[in-house]
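Per UniProt numbering, the very first residue in the sequence shown carries number 1; after that it's consecutive. Beta carbons: idealized from backbone N, C-alpha and C, even for Gly. Quick notes on the structure that follows.
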Amino acid sequence: MGKLIYSTSLREFDIDDRALAHLRVAILTKLRRSESFAFTWEHGIERGSGRTTMWMNQSIPVLFVFSGNRPPKLNRIWIEELILSASSTAGLHLVPEPEASEPFELD
C-alpha cells in the first residue's frame, strides 16, 4: 500500500501501489502541462465511507511513496482514461483498470 502525500499538511492517503503508479503518471502529466484539476476518490467502508476531493496544482507539493521496491508494468489505456477523467468537469477519479494489450515500463 503506497501513500499520496499532498501539500505540506503531512496528510497521507493510502492508495494501492499499482493504482498509485498509474495515478502518478496521470497527475504528473497534467501538472507538467500546467493544468490544474480536482482529484476525488472514495474512502471505502473500511475507512468510514465518504470521499475526499483535492485541488491539484503545480504550485502545491505532492509526493508519491510506494511500499514496494519494484515499479509495476503500466497499462497505457488506464493512464489515458485517468487523464481524460482529470480533464472532465468532474475531475480525476480512480476508474477501474481496463485490460491492456501491451504493458510498458517507465524509465
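- With a cut-off of 8 Å on Cβ pairs, the stretch 22-29 is in contact with the stretch 79-97, counting three or more such pairs.
- With a beta-carbon spacing of about 4 Å, Leu20 and Gly2 fall inside the 8 Å limit used to define contacts.
- When DSSP states are grouped into helix, strand and coil, Arg76 belongs to the helix group.
- Secondary-structure assignment with DSSP links His93 through a beta bridge to Thr40.
- Taking all protein chains in view, the Cβ of Ile79 is crowded by 16 or more other Cβ atoms within 10 Å, so the residue is classified as buried.
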